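Counting in my numbering, the sequence shown runs from 54 upward without gaps. Beta carbons: idealized from backbone N, C-alpha and C, even for Gly. The model shown is predicted, which means the values in this text are computed figures rather than measured ones.
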Amino acid sequence: MAAFAKVRALDYQKQAATASAQQQERLLFSNFQNAINQYKQELQEFNYYPQKAVPNARDIASAAQLGYRTGDLVTSNIFTLWKRLQTYNSTI
């Protein structure tokens, strides 16, 4: 009888260890998926600057320079626009 009880106890321990290992596996997999998703999000944000923001800034600067050279933008207009932008930014 004692041997049977010992075998049964070992079986329960094995089941408990298996359940614990499976839970740890699920937790690790979930953490891994979260890390992958966070990496993808941060990579997108990182790539935005050289791929979108810098070219957009260059286009804006080029358009402003062209406007200034052709006389569409004069210093007083730029100053007025700058003040409006500052006012707008202070309300955000």
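Asked, Found
"Report the three-state DSSP secondary structure of D125 (helix, strand or coil).", "coil"
"What separation, rounded to the nearest whole angstrom, lies between the Cα atoms of F132 and Y141?", "14 Å"
"Kindly indicate the opening and closing residues of the alpha helix (DSSP H) around A56.", "55 to 101"
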